[in-house]
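Engineer: Right, I'll just put the structure down here and ask away after.
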Ligand code: SF4
Ligand code: SF4
Ligand code: FES
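Numbering (our numbering), first residue to last: -18 to 447.
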């Protein structure tokens, strides 16, 4: 396609937009709701330009208008400047404290809006909701309500059980709005640093995070991979470190749910490894609302991130005074949803997952034991059923937990334990176990692998951030 932009001729492949064409010859058009890795949305209209076609002129948005042969485009006519000024004046009135809006507005000579000033941060560009849905695949947030009430948030304005805290929405948000949203947990590098400084204690290791102790252990409780999680919970409760625990237990065969338990029997009912991600945050909030304050939480790295973000917020706002959380994080490369894993196990091995004796992910293999026989496949072959969002998670070892537990790095029937805080140390000291040798290299290898894969995914988002 051959067209003219601001008097300069540009040639570009069909299918590109006017914004692409302008960029290709170094012409700058301001944008707010545009991101190259996302479907164009046309929400902010800041990229408005004037086009002349068959003797008629009209205003279009450059980010989603396709290039055409012979088109004459003008990006800085007095009319276009006026449109952008008006839009920025409205945005400045809505979000007077937002740096990006302030700087764009001042570029166009707008310093003081004539309209009623509000105290919003979100400009409703939809970048966060689109990145969460189109790239991360989680759809934890949406634009909710209507008219002037429109805002971005988790469904029903309740704590999200879907958000994995990947922080992608915070990366693309042109303002600070999404970080202020209370029902999701976008965790940025800055947040991670803050959480580590506030809750953790020990030396910083590039791959394993902050930690003070790394051991392998086996307990008399029994259970998969040494039963260390169960033993830590039981001894922690007996030693009065907490009086309730949020754990995941089986219901209906292999399917699982999170539940708050208050005694040893309850903890034992949650024994065994599950490779499912189950809704958790709403259960934690319900326990707090019911008056529980000293709670142990067992979760995967994304759940640990969410819990820490909430813990920070609750402390800041004194929402649940006296809350004391003990966070036990699990090693996790990816998780599955029940229906997907069940269907896959049936079609792959002819085994009903609900009736399996045991499932295990070990050394890159998914192993299902049923009727005394092991069936296995490479976990990489199960990519299609991995839960949405997992490829965007870069944490294998639950870096923000008080204590992390997993099977990688320790001999069979033992668990690896990483102590990361005073709380974690107290918990380990209260437990009885037999020590074994740890192979740190194995843990580092998987931690690096997970981070490398997530970094590759996140690069697409970074590249589009202005
Ligand atoms: S929260 Fe941020 S990214 Fe989402 S719509 Fe609002 S301004 Fe845009
Ligand atoms: S942190 Fe990730 S999963 Fe959560 S809302 Fe943002 S993009 Fe979606
Ligand atoms: S950047 Fe084009 S409409 Fe927002």
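Every residue gets a Cβ at the ideal spot worked out from N, C-alpha and C, and that includes glycine.
Predicted, not measured: the structure shown is a model, and the values here were computed from it.
Under three-state DSSP, which class holds residue 292?
Structural biologist: The count along the chain shown starts at 1 and reaches residue 292 at position 311. Residue state, collapsed to three classes: helix.
Engineer: Which runs of the beta strand (DSSP E), 3 residues or longer, sit entirely within the stretch 338 to 413?
Structural biologist: Whole beta strand (DSSP E) segments, 3+ residues: 339 to 343, 346 to 351, 354 to 359, 384 to 387 and 396 to 400.
Engineer: Where the beta carbon is closer than 6 Å to any heavy atom of ligand 5, which residues qualify, in chain order?
Structural biologist: Because ligand 5 does not appear in the structure shown, any question about it cannot be addressed here, the ligands present being ligand 1, ligand 2 and ligand 3.
Engineer: Which one of 406, 419 and 320 has the shortest CA to CA distance from residue 183?
Structural biologist: The count along the chain shown starts at 1 and reaches residue 183 at position 202. Out of 406, 419 and 320, 406 has the C-alpha closest to the C-alpha of residue 183.
Engineer: Within 7 Å: the Cβ of residue 104 and any heavy atom of ligand 1?
Structural biologist: Here residue 104 refers to the residue found at position 123 of the chain shown. Checking the Cβ of residue 104 against ligand 1 gives yes.
Engineer: Is the beta carbon of residue 290 sitting closer than 8 Å to the one on residue 376?
Structural biologist: Position 309 of the chain shown, counted from the start, is the residue given in the question as residue 290. Position 395 of the chain shown, counted from the start, is the residue given in the question as residue 376. Result no, Cβ atoms of residue 290 and residue 376 do not sit closer than 8 Å.
Engineer: Does the contact criterion of 3 or more C-beta pairs under 8 Å hold for the stretch 18 to 37 versus the stretch 53 to 65?
Structural biologist: Verdict: yes, contact present.
Engineer: Alpha carbon to alpha carbon, what distance is there between residue 334 and residue 26?
Structural biologist: On the chain shown, position 45 is the one that residue 26 refers to. On the chain shown, position 353 is the one that residue 334 refers to. One C-alpha to the other measures close to 51 Å.
Engineer: Residues in the same chain with beta-carbon distance under 6 Å from residue 261, minus the five sequence neighbours each way, listed in chain order, please.
Structural biologist: Position 280 of the chain shown holds residue 261. Closer than 6 Å at the Cβ level, and outside the excluded window around residue 261, lie 239 and 284.
Engineer: Report the start-end ranges of each beta strand (DSSP E) in the stretch 196 to 239 that is 3 residues or longer and not cut off at the edges.
Structural biologist: Here the runs fully enclosed are 225 to 231.
Engineer: Please name the residue in 23, 51 and 122 whose C-alpha comes closest to that of residue 41.
Structural biologist: Taking the chain shown and counting its residues from 1, one reaches residue 41 at position 60. Of the listed residues, the one whose Cα sits closest to residue 41 is 23.
Engineer: Quick one: which unbroken alpha helix (DSSP H) runs of 4-plus residues sit fully inside the stretch 277 to 331? Chain order, please.
Structural biologist: Correct list: 282 to 298 and 319 to 330.
Engineer: Here's the rule: buried if 16 or more other CB atoms are within 10 angstroms of the residue's CB, otherwise exposed. What is residue 93?
Structural biologist: Taking the first residue of the chain shown as 1, we reach residue 93 at position 112. With fewer than 16 other Cβ atoms within 10 Å, it is exposed.
Engineer: Using a Cβ-based criterion (distance less than 7 Å to any ligand heavy atom), does residue 166 qualify as near ligand 2?
Structural biologist: In the chain shown, the residue the question calls residue 166 occupies position 185. Within the cutoff, so yes.
Engineer: I believe residue 278 touches residue 227 by the beta-carbon criterion, under 8 Å. Please report the beta-carbon distance rounded to the nearest angstrom.
Structural biologist: Your numbering for residue 278 matches position 297 in the chain shown. Your numbering for residue 227 matches position 246 in the chain shown. So it is a contact: roughly 5 Å between Cβ atoms.
Engineer: Going by DSSP, what residue range makes up the beta strand (DSSP E) through residue 39?
Structural biologist: Counting from 1 along the chain shown, the entry for residue 39 is found at position 58. It spans 37 to 42 - the beta strand (DSSP E) in which residue 39 sits, taken as one unbroken run.
Engineer: Helix or strand or just coil, what does DSSP make of residue 115?
Structural biologist: Stepping through the chain shown from its first residue, residue 115 is reached at position 134. Helix at residue 115.
Engineer: In whole angstroms, give me the CA-to-CA distance for residue 63 and residue 21.
Structural biologist: Numbered from its first residue, the chain shown carries residue 63 at position 82. Numbered from its first residue, the chain shown carries residue 21 at position 40. The straight-line gap from Cα to Cα measures roughly 23 Å.
Engineer: Given a cut-off of 8 Å, decide if residue 359 and residue 346 are closer than it, judged by their beta-carbon atoms.
Structural biologist: To locate residue 346, count along the chain shown from 1; it is residue 365. To locate residue 359, count along the chain shown from 1; it is residue 378. A contact, by the Cβ cut-off of 8 Å.
Engineer: Starting from the Cα of residue 313, find the closest Cα among 305, 389, 362 and 246 and give me that residue.
Structural biologist: As a first step, residue 313 must be located in the chain shown, where it is residue number 332. Nearest option by C-alpha distance: 389.
Engineer: Would you list the one or two residues that DSSP bridges to residue 190?
Structural biologist: What you label residue 190 is simply residue 209 of the chain shown in a count that begins at 1. Answer is 186, bridged to residue 190.
Engineer: Would you mind working out which of 140, 116, 115 and 106 sits nearest residue 124, comparing C-alpha positions?
Structural biologist: Numbered from its first residue, the chain shown carries residue 124 at position 143. Residue 106 is the option with its Cα nearest to residue 124.
Engineer: Give a single yes or no on whether residue 121 has its beta carbon closer than 7 Å to a heavy atom of ligand 2.
Structural biologist: Start at 1 with the first residue of the chain shown, and residue 121 comes out as number 140. Residue 121 Cβ: within cutoff of ligand 2.
Engineer: Anyone know if the C-beta pair for residue 150 and residue 370 falls short of 8 Å?
Structural biologist: As a position in the chain shown, residue 150 is number 169, starting the count at 1. As a position in the chain shown, residue 370 is number 389, starting the count at 1. In this structure, residue 370 does not lie closer than 8 Å to residue 150 by Cβ.
Engineer: Identify whether residue 434 lies in helix, strand or coil by the three-state DSSP scheme.
Structural biologist: Taking the chain shown and counting its residues from 1, one reaches residue 434 at position 453. The answer is helix: DSSP assigns residue 434 an H, G or I state.
Engineer: Return the chain-ordered list of same chain residues with a C-beta closer than 6 Å to the C-beta of residue 450, the five sequence neighbours on each side being excluded.
Structural biologist: This structure cannot settle anything about residue 450, because the visible part of the chain is limited to -18 through 447.
Engineer: Just the Cα atoms here: how many angstroms apart are residue 246 and residue 281?
Structural biologist: In the chain shown, residue 246 corresponds to position 265, counting from 1. In the chain shown, residue 281 corresponds to position 300, counting from 1. Taking the straight line from one Cα to the other gives about 23 Å.
Engineer: What's the gap between the Cα of residue 137 and the Cα of residue 158?
Structural biologist: As a first step, residue 137 must be located in the chain shown, where it is residue number 156. As a first step, residue 158 must be located in the chain shown, where it is residue number 177. Approximately 18 Å, taken between the alpha carbons.
Engineer: Spatial neighbours of residue 441 within its chain, please: CB distance less than 6 Å, with the 5 preceding and 5 following residues excluded, ordered by chain position.
Structural biologist: On the chain shown, residue 441 is found 460 positions in, with the first residue counted as 1. 18, listed in sequence order.
Engineer: Where residue 418 and residue 258 are concerned, what is the direct C-alpha to C-alpha distance, given to the nearest angstrom?
Structural biologist: As a first step, residue 418 is located in the chain shown; it is residue number 437 there, counting from the start. As a first step, residue 258 is located in the chain shown; it is residue number 277 there, counting from the start. One C-alpha to the other measures close to 30 Å.
Engineer: Give the DSSP bridge partners of residue 257, in chain order.
Structural biologist: Position 276 of the chain shown, counted from the first residue, corresponds to residue 257. Paired residues: 317.
Engineer: Enumerate in chain order the residues of its own chain whose CB-to-CB distance from residue 357 is below 7 Å, with the five nearest sequence positions on each side excluded.
Structural biologist: Start at 1 with the first residue of the chain shown, and residue 357 comes out as number 376. Cβ neighbours of residue 357 beyond the five flanking positions: 346, 347 and 348.
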